[in-house]
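*Asks:* In mature numbering (1 follows the signal peptide of the UniProt record, and there is no 0), the protein residues as written are -29 to -1, 1 to 156.
Ideal Cβ placement from N, Cα and C applies to all residues, glycine included.
Only a predicted model underlies this, so the values are computations on that prediction, with no experimental measurement involved.
Structure incoming, see below.
See the structure below:
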């Protein structure tokens, strides 16, 4: 079972779909209140069905994954940070979120502000692909629950996503149908 390619969409249809998604995410972000932020469940309340307790040994950065995927769909284990830049990273009512490239190993690892202040890190992040992570059930359907409630994720969390991935060079994005997530705490 392969993932539908964004490349197969006409440019107008893709632009319309992207605009609609971005608009919906911006409206959702604008409607959040402090009460909604506080409603993120504790670790005990989240669904362990989609969580990996142990960190996978072999992981790929988003840049390495994009290079190895080419135009194919393959099983991948990706590492990144939940972040969508100027846009909300989470899609409401869907276990879908955006993943961004982590800084290079050892580069500013002890300074949480480093990535925002380092020109090298900013340039690397701007050029790196993003990953659209969709947590799916056994039949490949996206879970209709916000990932923040489903497995207790938050903006800025570092995670490892395990699933079937494809890369669309036209939009510099990886789509991951994810069965399991490991939160790096």
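#1: Taking contact to mean at least 3 C-beta pairs separated by less than 8 Å, is the segment 110 to 125 in contact with the segment 25 to 35?
#2: Can you name, in chain order, every residue of its own chain whose Cβ lies under 6 Å from the Cβ of residue 130, other than the five neighbours on each side?
#3: Between 43, 74 and 22, which lies nearest to residue 137 when the distance is taken from Cα to Cα?
#4: Taking the Cβ atom as the reference point for each residue, do residue 51 and residue 102 lie within a distance shorter than 8 Å?
#5: Going straight from the alpha carbon of residue -19 to that of residue 142, what length do you get?
#6: On the DSSP bridge assignment, give the partners of residue 135 in chain order.
#7: Based on the DSSP secondary-structure assignment, which residues constitute the bridge partners of residue 31?
#8: How would you call residue 53, buried or exposed, if buried means at least 16 neighbouring beta carbons within 10 angstroms?
#9: Give the DSSP-derived three-state secondary structure of residue 91 in the structure shown.
#10: Hey, how far is the Cα of residue 5 from the Cα of residue 84?
#11: What are the boundary residues of the alpha helix (DSSP H) that includes residue 121?
#12: Looking only at DSSP bridge pairs, what is residue 70 linked to?
#13: To the nearest angstrom, how far is it from the Cα of residue 104 to the Cα of residue 67?
*Replies:* So, from the data block:
#1: no
#2: 152 and 154
#3: 43
#4: yes
#5: Interpretation of residue -19 is limited by its pLDDT of 47, a score under 50 that renders its predicted location unreliable; no figure is taken from the coordinates.
#6: 46 and 148
#7: 49
#8: buried
#9: helix
#10: Only weak support is given to the placement of residue 5: the predicted model assigns it a pLDDT of 37, under 50, and the question is left unresolved by the model.
#11: 118 to 122
#12: 53 and 102
#13: 6 Å
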